[in-house]
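Read in numbering that gives the first Met the number 0, the sequence shown has 51 at position 52, and its numbers run on one by one without any break. What follows is a single structure, written as structure tokens, with notes after it.
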Amino acid sequence: MTQRSVAVVLLAAGKGERLGAKAPKAFVELAGKSLLEHSVFRALATDNLKQLIIAVPESHLTQTLEFEKQLSNQGVDIRVVVGGATRQQSVSESLAVLGGGIDIVLVHDSARSLASTDLFNRVAQAVFDNQIGVIPALHVADTIKRYKGDVIQETIERSDLVRAQTPQGFPASVLVAAHVGAAQEFTDDAALVQSIGGTVMMIEGEEQAMKITTAEDFERAQTYLLAHARTGIGSDAHRYSEDKSKTLYLGGLEWPGELALEGHSDGDVISHAIVDSLLSAANLGDIGSNFGVDRPEYSGASGEVFLKATLELLKDQDFEPVNVSVQLIGNRPKLAPRRLEVETHLGAIIGAPVSVSATTTDGMGFLGSDEGLAAVATSLVRKVGLGS
0 MTQRSVAVVL LAAGKGERLG AKAPKAFVEL AGKSLLEHSV FRALATDNLK
50 QLIIAVPESH LTQTLEFEKQ LSNQGVDIRV VVGGATRQQS VSESLAVLGG
100 GIDIVLVHDS ARSLASTDLF NRVAQAVFDN QIGVIPALHV ADTIKRYKGD
150 VIQETIERSD LVRAQTPQGF PASVLVAAHV GAAQEFTDDA ALVQSIGGTV
200 MMIEGEEQAM KITTAEDFER AQTYLLAHAR TGIGSDAHRY SEDKSKTLYL
250 GGLEWPGELA LEGHSDGDVI SHAIVDSLLS AANLGDIGSN FGVDRPEYSG
300 ASGEVFLKAT LELLKDQDFE PVNVSVQLIG NRPKLAPRRL EVETHLGAII
350 GAPVSVSATT TDGMGFLGSD EGLAAVATSL VRKVGLGS
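Structure below.
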């Protein structure tokens, strides 16, 4: 996509009463992370993302602000606002903090937490190409009936019917103008933009962008995550460098004041182990066969470079990450103070939940004698698309 500034508005202020959960719907966990967290990780991987605005209920404002702090190193302006009583009001509250220079706004329901980053990118690209509103949608396959009471009145022609999804994208100026001039409530932003004379087109949506509204939807989402799933394992180890001027990198982050690791690249054992596990899960070899020492362009490369290149390899084979778990092995540095920071940073790169832990070898072996660090990772990926 040509360089344009994109903002994503994530709507997470709904009560979710039909789901029957104790917490608001966006804060219910799916595969170990809340629906909101799933949406955030996918949104943060959107191309040219400059701002992320999250609208939440006042009851969960403090919790979300704590989560936002863990995302502060993403290079994205992240704002948390209290949502309104309706969806439209929540979008309006979000647009009130929209940054200057934003060209495209994508509005997304966090209840559609499995919508892929690819869908975000396709919507944004279509907005840029056409300079009008764009929504993802799926054609209706079922026969549609109109009824009154319990009596069928008529059959509706379905050839020109679609199911609207999110994220819905718009030129920023168009969406802001629509909300400023809104005279009534609409169920989505496409209808609101059309009410002021705006044009909205559709692109093909995706089944995984289902809206999780009921307990049955939640079960379907869990099943969807596990469908066509494959697991992989990876590991990496590097000795400490004798060069005191070098910087330690772990999980894509700098660790000032700690001993650096030797390696052809940056020696980031956490990122490298994850790369190995993702490649293993997709049966795409390992880090050595894809990014080995015979590839001079990867000399000194960061773990983030390897992760992003690996995600492209997975995408080419129609795989997407579901979740990742990685364990650091060694005596130092102490991971606990920065664990959440590492998890959110890696999750934003990978577009899926990442769990990070640490352990020692109880003084045994080269890790126990402080000669270096190692990491072991497991990844769950799933096949997507028609070929899955």
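Glycine included, every Cβ here is placed at the ideal spot set by N, Cα and C.
Cβ atoms of residue j and residue i: under 7 Å apart, would you say?
i, j, result
"A25", "L35", "yes"
"G371", "R229", "no"
"G391", "A373", "The question about residue 391 has no answer, for the chain in this structure spans 0 to 387."
"L70", "T343", "yes"
"D46", "N120", "yes"
"A189", "I143", "no"
"G350", "T116", "yes"
"V321", "V355", "no"
"A259", "L247", "yes"
"E205", "L118", "yes"
"L10", "S89", "yes"
"G168", "A208", "no"
"A54", "G82", "yes"
"A30", "L224", "yes"
"K14", "R111", "no"
"I101", "T198", "no"
"A84", "P56", "no"
"L313", "A281", "yes"
"P332", "E257", "yes"
"A42", "V7", "yes"
Can you check DSSP and say which residues form a bridge with residue i?
i, result
"H237", "L372"
"R381", "A228 and E319"
"A163", "A136"
"A357", "L327"
"V7", "L51 and L105"
"D141", "Per DSSP, none; premise fails for D141."
"S33", "E28"
"F169", "V104"
"L260", "Y239"
"L249", "L252"
"L147", "Reading off the sequence, residue 147 comes out as Lys, not Leu. Answer is V150."
How many whole angstroms separate the CB atoms of residue i and residue j, which I take to be in contact at a CB cut-off of 8 Å?
i, j, result
"A400", "L137", "One cannot answer for residue 400 here, as it falls past the ends of the chain, which runs 0 to 387."
"R78", "I52", "5 Å"
"S93", "S38", "In fact, because the Cβ distance is near 14 Å, the residues do not count as touching under 8 Å."
"L327", "L334", "6 Å"
"K49", "V5", "6 Å"
"S378", "G196", "Wrong, their Cβ atoms sit about 48 Å apart, outside the cutoff."
"D317", "V383", "5 Å"
"F305", "S270", "6 Å"
"V126", "P170", "6 Å"
"E303", "I348", "6 Å"
"Q73", "A181", "With 8 Å as the limit, Q73 and A181 do not qualify as a contact, their Cβ atoms being about 32 Å apart."
"D267", "S244", "In fact, because the Cβ distance is near 18 Å, the residues do not count as touching under 8 Å."
"P352", "F40", "7 Å"
Going by other Cβ atoms of all chains shown within 10 Å of its Cβ, with 16 needed for buried, is residue i buried or exposed?
i, result
"D315", "exposed"
"E184", "exposed"
"S387", "With a pLDDT of 42 at S387, under the threshold of 50, the predicted position of this residue should be treated as unreliable, and no value is reported."
"S276", "buried"
"R381", "buried"
"K32", "buried"
"V106", "buried"
"Y146", "exposed"
"V292", "exposed"
"I151", "exposed"
"S288", "exposed"
"V179", "exposed"
"L64", "exposed"
"T368", "Before going further, note that residue 368 is Ser rather than Thr in the sequence given. With fewer than 16 Cβ atoms within 10 Å of its Cβ, S368 is classed as exposed."
"L385", "Its pLDDT being 41, under 50, L385 is placed unreliably in this model, and the value from its coordinates should be taken loosely. Exposed, because fewer than 16 other Cβ atoms sit within 10 Å of the Cβ of L385."
"T154", "exposed"
"T388", "Since the first residue shown for the chain is 0 and the last is 387, residue 388 is missing from the structure and cannot be characterised."
"S58", "exposed"
"E311", "exposed"
"E203", "exposed"
Examine chain D for any beta-carbon lying closer than 7 Å to the beta-carbon of residue i, and answer yes or no.
i, result
"E311", "Chain labels in this structure do not include chain D; a single protein chain is all it has."
Open item on the list: Three Cβ pairs or more, each shorter than 8 Å: is that satisfied between the stretch 283 to 302 and the stretch 255 to 273?
Closed with: yes
Open item on the list: Would the stretch 149 to 159 count as touching the stretch 174 to 181 if we require 3 or more Cβ pairs under 8 Å?
Closed with: no
- [ ] Check whether the stretch 336 to 344 touches the stretch 246 to 262, counting contact only when three or more Cβ pairs, one atom from each stretch, lie closer than 8 Å.
- [x] Touching, yes.
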